[in-house]
Structures are given as C-alpha cells and as structure tokens.
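Read through the structure below, which is laid out as structure tokens, and then see the notes.
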Amino acid sequence: MKQVRRFAVLVSSLLMVVMAGAGTAQAAPKPPPAAEAVESVLQANEFYVTSGDAVLVTPEVLTRLQKSGKTQDARVQAALASDPPWAACGVYDSNTKVVYTYSRAQISGYSGSTAKLLCGSTSWGFRHIEASHMADWQAKGEYIGATWSQMAHWAMTNTLSKPCSKYYQSSNDTFQYVAPFQIRNNQGQVVHTFGARVVVARVTQNIITSYPQSSTC
Amino acid sequence: MSNQRSEMLIDVARMAIEQTQWMASTVDDGIQFTRPDDPAKRVLWLPSEAELSQLVLDLQSSAQDAFGAGATGAQLLSVWVLEALETAKVDEGLLRRSGSGLVVDPTR
Numbered sequence: 001m002k003q004v005r006r007f008a009v010l011v012s013s014l015l016m017v018v019m020a021g022a023g024t025a026q027a028a029p030k031p032p033p034a035a036e037a038v039e040s041v042l043q044a045n046e047f048y049v050t051s052g053d054a055v056l057v058t059p060e061v062l063t064r065l066q067k068s069g070k071t072q073d074a075r076v077q078a079a080l081a082s083d084p085p086w087a088a089c090g091v092y093d094s095n096t097k098v099v100y101t102y103s104r105a106q107i108s109g110y111s112g113s114t115a116k117l118l119c120g121s122t123s124w125g126f127r128h129i130e131a132s133h134m135a136d137w138q139a140k141g142e143y144i145g146a147t148w149s150q151m152a153h154w155a156m157t158n159t160l161s162k163p164c165s166k167y168y169q170s171s172n173d174t175f176q177y178v179a180p181f182q183i184r185n186n187q188g189q190v191v192h193t194f195g196a197r198v199v200v201a202r203v204t205q206n207i208i209t210s211y212p213q214s215s216t217c
Numbered sequence: 001m002s003n004q005r006s007e008m009l010i011d012v013a014r015m016a017i018e019q020t021q022w023m024a025s026t027v028d029d030g031i032q033f034t035r036p037d038d039p040a041k042r043v044l045w046l047p048s049e050a051e052l053s054q055l056v057l058d059l060q061s062s063a064q065d066a067f068g069a070g071a072t073g074a075q076l077l078s079v080w081v082l083e084a085l086e087t088a089k090v091d092e093g094l095l096r097r098s099g100s101g102l103v104v105d106p107t108r
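Listed in order, the protein sequences are those of chains A and B.
All residue numbers for the first sequence refer to this note's numbering, where the first residue is 1 and numbers rise by one.
All residue numbers for the second sequence refer to this note's numbering, where the first residue is 1 and numbers rise by one.
Structural data, given as structure tokens:
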C-alpha cells in the first residue's frame with residue numbers, strides 16, 4: 001500500500017514538472033533588431049509595439065531615438081506623427097471610393113498583391129471597421145498613445161505584408177492574413193500579445209474587415 | 001430545428017471557423033463554438049429561423065458589393081461570426097446581432 005502511495009506521489013510530481021515545463025515552453029517572440037536601441041531611450045512607464053522587425057513608438061520616443069543616434073532603422077515608426085494616409089469617407093461618398101490600397105504578400109496559386117480598403121458599408125470595408133472595431137483598435141493603440149486609425153493602419157500594413165499565416169479560404173472565397181503583435185516595456189518584457197486578422201475577398205481584392213484578435217498564429 | 005435552418009447554420013459555422021482553432025458542434029437549438037486549447041471558451045449561437053433568414057437576406061447586397069457578383073449573404077455572415085468569436089470580451093456567451101456585426105453577450 002505504501003509503495004502504491006509512493007508511486008502516486010512520484011507520478012504526480014512528475015506531472016507537475018511536465019506541466020510547469022509546458023507552461024514555460026512558450027518563449028516570448030524574438031525582439032526586433034532595433035529593440036535594444038528603443039529600450040535604451042524608453043522611460044519606465046512607456047511601451048512600444050512590435051511585429052516581426054517593425055516597431056511602433058510614440059513620436060517623443062522616436063525623437064529621443066533620433067537624437068541619441070543609436071539607430072537609423074526605418075522600421076521604427078512613430079504613432080501620432082501623422083494620420084494614416086486614408087482618403088475620407090463622408091456621408092455622401094460612394095461605397096466604392098478607395099480609402100487606401102495596401103500591398104499584400106501573395107498567396108501561392110493565386111494572383112494579386114494588393115488589397116483595397118474601400119469605404120464600403122457598415123457591413124464591410126472601412127465603414128464596418130470604423131463601426132465595429134474602432135474600440136478594439138483603440139484599446140491596443142492606447143499603450144503608445146496612438147489613435148484607433150493609426151494603430152489599425154500600422155497593423156494592417158504589417159499583417160498584409162509580413163503575415164505569420166496567410167491562406168485561401170475556399171468556403172467563403174477569401175484570403176486570410178494573420179500576424180502576431182507584442183507590446184513591450186522598457187525592459188523588453190512582453191506585457192501584452194495579440195493577433196491581427198485582415199480578410200480580403202479573392203475576386204474583388206477588397207478588404208472585408210480587419211480586427212485585433214486573441215489568437216496569434 | 002428545421003432542416004433548412006440547421007443546414008444554413010452548420011454551413012455558416014463551418015465557413016467561419018475553417019483553418020482556425022475553433023470547433024463547432026450542433027446543440028439542440030443551434031451551434032456551440034469551443035476552443036479545445038482553451039476549454040473555458042464556449043459560445044452558443046441560437047438564432048431563430050426568421051432571424052437567420054433575415055440576416056442572410058440583409059447581407060445579400062452588401063456581400064455582392066464586397067465579394068463580387070454571385071456572392072451570398074452567408075459568406076459575409078461567416079466573416080462576422082469569426083470576428084465576434086475572436087474579439088469576444090467574455091469566455092462564455094451568446095452570439096447575437098448588433099448593428100454592424102455580431103457580438104458575444106455574456107451568459108452569466
């Protein structure tokens with residue numbers, strides 16, 4: 001009986017070790033090349049956003065970085081430096097008005113390397129993203145003081161050009177692009193992660209929607 | 001549930017979660033979405049036949065503008081379903097229509 005109990009304790013200890021290992025197995029994504037330089041000019045309560053090698057910071061941080069001369073990396077960009085280069089969608093603008101044309105990574109076996117954000121309607125396109133996902137994008141942008149549109153535009157640009165997952169979904173005739181994003185502090189620690197998804201119609205190349213999501217890749 | 005409603009629900013659910021980590025299973029009154037990697041997540045979609053038909057009908061012309069001629073409301077609805085699942089603020093909830101999409105409302 002004692003042996004059985006000892007065996008049970010041994011098995012549960014082993015299980016705990018395995019589970020603890022599994023918990024720590026998910027390593028933080030590799031920081032981009034410019035991370036060290038960015039962190040050196042960040043203050044304790046400041047954050048930056050990364051996706052692959054791309055970095056988004058506040059304009060103040062970019063100014064500090066430029067003054068420090070520590071990096072000339074063009075992939076470090078500032079939020080709030082300017083509004084996204086989007087055409088306006090007024091009440092009387094047609095749903096086919098082009099807001100912005102993004103470059104996108106090609107999907108094997110399918111043609112096309114652009115994705116058009118049109119004004120659309122509250123069901124799809126810019127007007128849908130604005131009506132349904134403004135708060136979702138704003139919540140991510142708040143870490144670095146970016147507006148919802150700056151965060152959405154930067155995330156869409158990076159997701160479409162450097163996705164971790166891109167595929168054709170035959171059931172609804174769309175291309176799906178997903179990329180992971182990390183919000184890091186001045187120690188380089190990842191304080192928040194999220195994914196971004198952009199859905200593009202195959203035939204028209206129109207962006208149907210884009211939103212930050214819980215799944216990364 | 002009627003065969004037509006059941007088939008449409010299953011079709012849209014399948015379209016929505018293709019190649020994602022979500023799973024869909026039929027329950028008495030509709031569809032249950034779960035995430036095997038995160039068992040706390042459980043979303044029920046229980047539209048009535050009238051609601052579902054109205055949704056697909058409402059989205060028909062938008063779908064053709066967005067996807068091109070010949071597109072169906074169900075295609076656009078499937079995009080809305082995944083959007084709602086992936087942006088849900090709660091683990092357990094009911095999928096419902098909101099003005100410009102679908103949302104997951106908490107069940108408790």
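The beta carbon of each residue, even a glycine, is placed where N, CA and C say it ideally should be.
Hey, how far is the Cα of residue i from the Cα of residue j?
{"i": "ARG184(A)", "j": "TRP124(A)", "result": "32 Å"}
{"i": "VAL49(A)", "j": "ALA79(A)", "result": "10 Å"}
{"i": "GLU46(A)", "j": "ALA35(A)", "result": "13 Å"}
{"i": "MET15(B)", "j": "GLN21(B)", "result": "13 Å"}
{"i": "LEU44(B)", "j": "ALA24(B)", "result": "10 Å"}
{"i": "VAL61(A)", "j": "GLN54(B)", "result": "50 Å"}
{"i": "ALA146(A)", "j": "THR34(B)", "result": "33 Å"}
{"i": "ARG75(A)", "j": "SER113(A)", "result": "21 Å"}
{"i": "LYS97(A)", "j": "SER121(A)", "result": "11 Å"}
{"i": "GLY70(B)", "j": "VAL57(A)", "result": "43 Å"}
{"i": "THR209(A)", "j": "GLY141(A)", "result": "18 Å"}
{"i": "THR87(B)", "j": "SER100(B)", "result": "14 Å"}
{"i": "SER48(B)", "j": "GLU92(B)", "result": "20 Å"}
{"i": "ARG64(A)", "j": "VAL55(A)", "result": "15 Å"}
{"i": "ASN172(A)", "j": "GLN4(B)", "result": "19 Å"}
{"i": "ASN186(A)", "j": "PRO31(A)", "result": "12 Å"}
{"i": "ILE10(B)", "j": "SER61(B)", "result": "22 Å"}
{"i": "SER6(B)", "j": "LEU77(B)", "result": "15 Å"}
{"i": "LEU94(B)", "j": "HIS133(A)", "result": "19 Å"}
{"i": "GLN205(A)", "j": "LYS116(A)", "result": "6 Å"}
{"i": "TYR211(A)", "j": "LYS70(A)", "result": "33 Å"}
{"i": "PHE175(A)", "j": "GLN72(A)", "result": "34 Å"}
{"i": "ASP93(A)", "j": "GLU39(A)", "result": "43 Å"}
Does any C-beta atom of chain A lie closer than 8 Å to the C-beta of residue i?
{"i": "ARG5(B)", "result": "no"}
{"i": "ASP65(B)", "result": "yes"}
{"i": "SER48(B)", "result": "no"}
{"i": "GLY116(B)", "result": "No answer is possible for residue 116(B): the residues shown for chain B start at 1 and end at 108."}
{"i": "GLY93(B)", "result": "no"}
With DSSP run on the structure shown, which of helix, strand or coil describes residue i?
{"i": "ASN45(A)", "result": "coil"}
{"i": "THR58(A)", "result": "coil"}
{"i": "GLY70(B)", "result": "coil"}
{"i": "TYR168(A)", "result": "strand"}
{"i": "ALA201(A)", "result": "strand"}
{"i": "ALA155(A)", "result": "helix"}
{"i": "LEU94(B)", "result": "strand"}
{"i": "VAL12(B)", "result": "helix"}
{"i": "ARG184(A)", "result": "strand"}
{"i": "GLN150(A)", "result": "helix"}
{"i": "VAL11(A)", "result": "The predicted model places VAL11(A) with a pLDDT of 40, which falls under 50 and marks its position as unreliable; any figure quoted below should be read in that light. In this structure, VAL11(A) counts as helix in the three-state DSSP scheme."}
{"i": "THR24(A)", "result": "With a pLDDT of only 35 at THR24(A), under the threshold of 50, the placement of this residue in the model should not be trusted, and no figure is reported."}
{"i": "VAL81(B)", "result": "helix"}
{"i": "GLN72(A)", "result": "coil"}
Output yes if chain B places a C-beta closer than 8 Å to the C-beta of residue i; else output no.
{"i": "ALA131(A)", "result": "yes"}
{"i": "ILE107(A)", "result": "no"}
{"i": "SER40(A)", "result": "no"}
{"i": "THR204(A)", "result": "yes"}
{"i": "SER214(A)", "result": "yes"}
{"i": "TYR167(A)", "result": "yes"}
{"i": "THR114(A)", "result": "no"}
{"i": "HIS128(A)", "result": "yes"}
Around the Cβ of residue i, are there at least 16 other Cβ atoms within 10 angstroms (buried) or fewer (exposed)?
{"i": "ASP37(B)", "result": "exposed"}
{"i": "LYS166(A)", "result": "buried"}
{"i": "LYS89(B)", "result": "exposed"}
{"i": "LYS41(B)", "result": "buried"}
{"i": "GLU83(B)", "result": "buried"}
{"i": "ALA25(A)", "result": "In this predicted model, ALA25(A) has a pLDDT of only 40, less than 50, meaning its place in the structure is not dependable; the value taken from the coordinates is given anyway. The residue in question, ALA25(A), is exposed, as its Cβ has fewer than 16 Cβ neighbours within 10 Å."}
{"i": "GLN213(A)", "result": "buried"}
{"i": "SER215(A)", "result": "buried"}
Which residues share a DSSP beta bridge with residue i?
{"i": "LYS116(A)", "result": "THR101(A) and ASN206(A)"}
{"i": "PHE175(A)", "result": "TYR168(A) and VAL200(A)"}
{"i": "THR26(B)", "result": "ILE31(B)"}
{"i": "THR193(A)", "result": "GLN182(A)"}
{"i": "SER218(A)", "result": "Chain A is shown only over 1 to 217; residue 218(A) falls outside these bounds and no answer can be derived."}
{"i": "GLN4(B)", "result": "Per DSSP, none; premise fails for GLN4(B)."}
Going by the C-beta, is residue i closer than 7 Å to any heavy atom of the ligand PLP?
{"i": "TYR168(A)", "result": "Among the components of this structure there are no ligands whatsoever, and the ligand PLP is therefore not found."}
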